[in-house]
Every structure is written in structure tokens, then in C-alpha cells.
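*Asks:* In this note's numbering, the protein residues as written are 8 to 452.
Where is the CB? At the ideal position from N, CA and C, for every residue including glycine.
Below is the structure I would like to discuss, written out as C-alpha cells.
Shown next, in the form of C-alpha cells:
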């Protein structure tokens, strides 16, 4: 059929046309979901560090304009440029990126320094035959490793971290990363004049960077439990792990209590979400009445006045030698409270009393636990019942310790986050707690 005989088609009415794409919703539209990593039209931003003279600039791209230091995640690519204002006489330009773990035990085992990794790149070197000037801008790119090895062991690359313990014995621990640019420019100026007017840092620039790998739970938070009289408290479900212990009686005529503590069975929690829990106590009526003054207090009350508390504790341990000496580990550790539980009374029945609540994590917590050579950071949930006067108390004290892991991000339905094996004992003490929790799998998503 000739082309001239083809039928003509009328243009469809405007309301049937597909709307043109825009990254910002119109007034009659709403956004259902947003992935910040794929946000379009995001202008590139740079972090710039210069020498005092301004001769050399180190520019790291892909950074948020608000950051104080450049931030990188798991396996990230560190990209940037070395910019030189005066290229005459420059013979070479080199960039180095490195990570270091340094530990100092005060009045104990000395100092230990581990080179986690080091990468160098010669960006430009002068050709002796062709007397060409050095370019004023040179690009570079490094990929951060995800692991490092020490004494036949492989560890995940630890996040940027700093901690110390004052006193004797004490310690200081520092995990640091940096990018350094060196511009070599020989000068014929006499040494006396050179030392006065031409400082070495005029041609060397260095900046610390922050390595903060992201993690997230592999499962969502379970639905909360409900206390009922038919269950004499909370009914067990697979999504909640039950940890039980005996609160021993300390007086005649009083029976022991059974404490049942429920936490989500994944034991992995986002640092920006409260950690839910349930707690119940079981015994006969007289024993429960005797326990009520020591039961969790609800409402506005100082945690220090609570007899029964649930806390999130962080243990930071340093062992410079990273070895067993005379059958023991000569390590030093400090323990900090980084979260506190708030209780709500949800029911009292014949032979039981039930409470629920959340553990609120301190705003200053920005990373989870990790282990690197002789440095380790571990997190634990600790349930305690400590009577103010143990001799007059009808019950002895209670202490339960549960190792957990903290993740930087929330769970979502496309999560490929952490995989955790079985945990060890539910009640452990001292530095033995370090071996009770399995390793966290990091994710770049």
C-alpha cells in the first residue's frame, strides 16, 4: 500500500497523554517511597583541604556539604583530585590512603600499632626527556578494602573509633584513616633560607577521613506480646526469645520468683530505634506482694532510683599483646551505659505480674560493636534487680546479661543485612562476655 494512502490518526486528547516525568511531586501527587541513594539531579559536592599557603589542594568528591570530615562506607571508592596552583618545578605528585589501629595500655603492656592497609598512587612524575609541566589538576581513585589480616586472622575493617580509660591501669585506642597528597618540588634556595620561608607543609596536604560502614537487621521487629490471664502472663512465640532466671528468696516464708524476660529473637537492633522487651515475674501471691516494692517502677522516675532496671551496656576492651599469658587474657576494659529501659505495667494476675517497655539508646551512639586485633567493642542488655539493703530484702539480687548487636540502619523488606548464629550463655560476667556473640555481617546497602 502506498504511503500516501495510509489513514490519518487524530492526536489523543490531553487527558489521555502520559504525564512527563518530574522528580518532585506535583500539587495533586504524593510520594509513596523514596530511595535517597537514587535521588536525581543531586549536584556533586566536594570536601577540600588546602595547605597553609594554598599551593596544594586535596579535593574529595561525593561528600555532603554539611560534613566536617569526609565519610565513606563499606568498600567505598575514595575519589578526588590534587590541585596545584603553581606547577613550575614540580617533579612528582603522589597520593596515599591508609588506616591505622593504635592501642596504648597505661602502666601495663605498652603500645601496639597495626597498619590496617596502605595504598599509594603516583599520579604524575616528570619525564626527564620531555620537559613538560605538571598538570594543575590530577585525579585519583582508591577502593577501600572490606577486611584486613593480622596474625593469620581476618577481621572486618573496623570503623573510625576512639576510646580511653583514665586511671591506672588505663588505655587509649584509636582507629583512624587518612588521605595524604605529596607534591615534590626541589628548590635551589639555600637551606637556611629554605627552612625559614619554604616549609615542608607548603607542598604536603593530609586529611582524616571517617570510615563508617552501614549495617542493618535481617528481620523486622516482631509484633508485641499481650499479657493475658489465660497465659498467666505472656504467651511464648517463635519471634520472641525467652530468657528465664530464678530470683532466690532471702527470707523464710517467701518462695523464689521466676523472672521471664522476652526480647526479639534476632538480637540485632537499629541504634535509632527503641529496643522492645517484655518482663514478667511468677510466684505465689504472698511472694509477689513481697516483691512489689522491688518491681519495675513506671512513670517519671530517675533510673538510679529504680530497683529493677534494664540497661544497654557497651564494653570496650584493649589487649595490646592480643595473646593468652599464663592461661589468661591480660586485657583492660571499660563499661558504659548507652541505653536505659522504661517500663509500663500491663497486668497483674494470680501468681504473675507483667511489664513491657522499650530501651532508648543514647543519641551519641553512632556505630555498633566490632572486633579488630586486640580491640573489641561489645554490646549487652543487662537486667538487674538490686535491693537497696540486701540483708533486709525478701529476695536476693538478680542479674541477667544478654549479648546483642547494634546496626546503623533500620530493617526494610529488601534487606540483605546481618546473619547471626546462635548465642552463648544468657548470664555471663567479666571479659568472658566477649566470646558470647557471633560476628555481624556488614552490608553496603
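Does the count of Cβ pairs from the segment 153 to 173 and the segment 223 to 232 closer than 8 Å reach three?
*Replies:* These segments do not touch.
*Asks:* With DSSP as the reference, please indicate the residues paired to residue 379 in a beta bridge.
*Replies:* In the DSSP output, where bridge partners are listed per residue, residue 379 has 382.
*Asks:* Taking all protein chains shown into account, decide if residue 141 is buried (16 or more other Cβ within 10 angstroms of its Cβ) or exposed.
*Replies:* Its Cβ being crowded by 16 or more others within 10 Å, residue 141 is buried.
*Asks:* Which parts of the segment 257 to 301 are runs of the beta strand (DSSP E), unbroken and 3 residues or longer, counting only runs that do not cross its ends?
*Replies:* You should have 264 to 271, 275 to 277, 282 to 289.
*Asks:* Take residue 161 as the anchor and find which of 133, 378, 286, 345 has the nearest alpha-carbon.
*Replies:* For residue 161, the nearest C-alpha among the options comes from 378.
*Asks:* Consult DSSP for residue 312 and reduce its assignment to one of helix, strand or coil.
*Replies:* DSSP places residue 312 in helix when its eight states are reduced to three.
*Asks:* From residue 246 to residue 270, what does the alpha carbon distance come to, in whole angstroms?
*Replies:* Rounded to the nearest angstrom, the two C-alpha atoms are 9 Å apart.
*Asks:* Using 7 Å as the threshold, is the C-beta distance between residue 112 and residue 254 below it?
*Replies:* No; because the gap between Cβ atoms is not below 7 Å, this pair is not in contact.
*Asks:* Hey, quick one: how far does the beta strand (DSSP E) through residue 359 stretch, first residue to last?
*Replies:* From DSSP, the beta strand (DSSP E) with residue 359 extends over 359 to 368.
*Asks:* Can at least three beta-carbon pairs, one atom from the segment 66 to 80 and one from the segment 290 to 307, be found at a separation below 8 Å?
*Replies:* Judged by Cβ distances under 8 Å, the segment 66 to 80 makes no contact with the segment 290 to 307, as fewer than three pairs qualify.
*Asks:* Flag this pair as touching only if the segment 350 to 362 and the segment 280 to 291 have three or more C-beta atom pairs under 8 Å; answer yes or no.
*Replies:* Yes: at least three Cβ pairs fall under 8 Å.
*Asks:* Exposed or buried, what is residue 313 when buried is set at 16 or more other beta-carbons lying within 10 Å of its beta-carbon?
*Replies:* Per the 10 Å Cβ criterion, buried.
*Asks:* Taking 8 Å as the limit between beta carbons, can you name the residues of its chain near residue 52, skipping five residues before and five after?
*Replies:* Taken in chain order, the residues that qualify are 68, 69, 70, 71, 72.
*Asks:* Report the rounded CA-to-CA distance for residue 296 versus residue 315, giving the unit in angstroms.
*Replies:* Between residue 296 and residue 315, the C-alpha separation is close to 15 Å.
*Asks:* Would you report the Cα separation of residue 404 and residue 325, rounded to the nearest angstrom?
*Replies:* The straight-line gap from Cα to Cα measures roughly 30 Å.
*Asks:* Starting from residue 69, trace the beta strand (DSSP E) both ways and give me its first and last residue.
*Replies:* That residue, residue 69, is in no beta strand (DSSP E); it is neither H nor E in DSSP.
*Asks:* Here's a check: name, in chain order, each residue in its chain whose Cβ is nearer than 7 Å to the Cβ of residue 453, leaving out the five neighbours to either side.
*Replies:* With the chain covering 8 to 452 only, the question about residue 453 has no answer from this structure.
*Asks:* Going by beta carbon distance, what residues of the same chain come within less than 6 Å of residue 109, once the five residues before and after it are set aside?
*Replies:* So the qualifying residues of the chain are 120, 181.
*Asks:* Are there 16 or more other CB atoms within 10 angstroms of the CB of residue 60, so buried, or fewer, so exposed?
*Replies:* The residue in question, residue 60, is exposed, as its Cβ has fewer than 16 Cβ neighbours within 10 Å.
*Asks:* Return helix, strand or coil for residue 157, following the three-state DSSP convention.
*Replies:* Residue state, collapsed to three classes: strand.
*Asks:* Is the distance from the Cβ of residue 191 to the Cβ of residue 98 below 7 Å?
*Replies:* The answer is yes: Cβ separation under 7 Å.
*Asks:* Could you check whether residue 388 and residue 411 sit closer than 7 Å to each other, using their CB atoms as the reference points?
*Replies:* It is a contact, given that the beta carbons lie within the stated cut-off.
*Asks:* Report the three-state DSSP secondary structure of residue 110 (helix, strand or coil).
*Replies:* Residue state, collapsed to three classes: strand.
*Asks:* Across which residues does DSSP place residue 344 in a beta bridge pair?
*Replies:* DSSP, once it has assigned bridges, lists 320 as partnering residue 344.
*Asks:* Could you round the C-beta distance between residue 242 and residue 252 to whole angstroms and report it? I think they count as a contact, below 8 Å.
*Replies:* Incorrect: roughly 19 Å between the Cβ atoms, too far for contact.
*Asks:* Check the DSSP bridge columns for residue 476 and list the partner residues they point to.
*Replies:* Because the chain in this structure spans residues 8 to 452, residue 476 falls outside the shown range and cannot be described.
*Asks:* Which one or two residues does DSSP pair with residue 230 in a beta bridge?
*Replies:* Bridge partners of residue 230: none, in fact.
*Asks:* Here's a check: name, in chain order, each residue in its chain whose Cβ is nearer than 7 Å to the Cβ of residue 240, leaving out the five neighbours to either side.
*Replies:* Result list for residue 240: 234, 267, 287, 289, 359, 361, in chain order.
*Asks:* Buried or exposed: where does residue 185 fall if 16 or more other Cβ atoms within 10 Å of its Cβ makes it buried?
*Replies:* Exposed: under 16 other Cβ atoms inside 10 Å.
*Asks:* For residue 158 and residue 92, what's the separation of their Cα atoms in angstroms?
*Replies:* If I take the Cα positions, the gap works out to 45 Å.
*Asks:* Under 7 Å between the Cβ atoms of residue 384 and residue 376?
*Replies:* In contact: residue 384 and residue 376 (Cβ atoms closer than 7 Å).
*Asks:* Starting from the Cα of residue 373, find the closest Cα among 365, 345, 395, 260 and give me that residue.
*Replies:* Considering only alpha carbons, the answer is 345.
*Asks:* Just tell me which of 117, 183, 87, 210 has its CA closest to the CA of residue 125.
*Replies:* Ranking the options by Cα distance to residue 125, first place goes to 183.
*Asks:* Spatial neighbours of residue 106 within its chain, please: C-beta separation below 6 Å, excluding the five flanking residues on both sides.
*Replies:* Result list for residue 106: 123, 124, 184, in chain order.
*Asks:* Would you give the residue range spanned by the beta strand (DSSP E) that residue 97 belongs to?
*Replies:* First-last for residue 97: undefined, no H or E at that position.
*Asks:* Count the other CB atoms, across all protein chains shown, that sit within 10 Å of the CB of residue 258; report buried if there are 16 or more and exposed otherwise.
*Replies:* With fewer than 16 Cβ atoms within 10 Å of its Cβ, residue 258 is classed as exposed.
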